[in-house]
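First residue of the sequence shown? That's 0 in numbering that gives the first Met the number 0, and the numbers climb one at a time after it. Glycine included, each C-beta is placed from N, C-alpha and C at the ideal position.
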Amino acid sequence: MNAIIIDFHAEATSEKMAFAHAFDGRVSLVVGTHTHCPTADAQILPGGTAYQSDLGMCGDYDSVIGMRKEQAVARFYRKWPNERLEPAEGEATLAGIFVETDDRTGLARRLAPVRIGGRLQPALPDF
């Protein structure tokens, strides 16, 4: 069986979690994106679907969601929403998740967060 992966690009973790429970046992993985911060809730749901509310971003975490922090802070103070932000150029972190699926069912067997480089605490699968 093939793995089915759903990337749920949403702000609210409650929406992502509700969606994951609705599809638990029918898809291999439901992961959230959009908030740019990796969450600490990686788990396998009771029906066998792997889940994490947000994978985080791949980029410079010494920033404001990947943009130069000085510009982003100034934008909040000045309230100029149309001011163009520039990407931060520091050391990047690769953030994601490793999921092993069952070849027969397509459901998750194991999962582990992945974080390599940059400012965040490193995380690598130990299997």
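Worksheet item: Taking Cβ to Cβ, would you say GLY116 is nearer than 9 Å to LEU93?
Response: Position 117 of the sequence shown, counting from 1, holds the residue named residue 116. Position 94 of the sequence shown, counting from 1, holds the residue named residue 93. Yes, the Cβ-Cβ distance between GLY116 and LEU93 is below 9 Å.
Worksheet item: In chain order, what residues of the same chain have a beta carbon less than 6 Å from the beta carbon of ILE5, not counting five sequence neighbours either side?
Response: For the purposes of this step, residue 5 is taken as the residue at position 6 of the sequence shown. VAL26, VAL29.
Discussion item. Assuming contact is defined by CB atoms lying nearer than 9 Å, are LEU110 and ALA49 in contact in what I supplied?
Written reply: Along the sequence shown, read from residue 1 onward, the residue named residue 110 stands at position 111. Along the sequence shown, read from residue 1 onward, the residue named residue 49 stands at position 50. In contact: LEU110 and ALA49 (Cβ atoms closer than 9 Å).
Worksheet entry | Where LYS15 falls, given that 16 or more other Cβ within 10 Å makes a residue buried | As a working mapping, residue 15 is identified with position 16 in the sequence shown. LYS15 should be labelled buried.
Item to complete: Return helix, strand or coil for GLN120, following the three-state DSSP convention.
Response: In the sequence shown, the residue the question calls residue 120 occupies position 121. DSSP places GLN120 in coil when its eight states are reduced to three.
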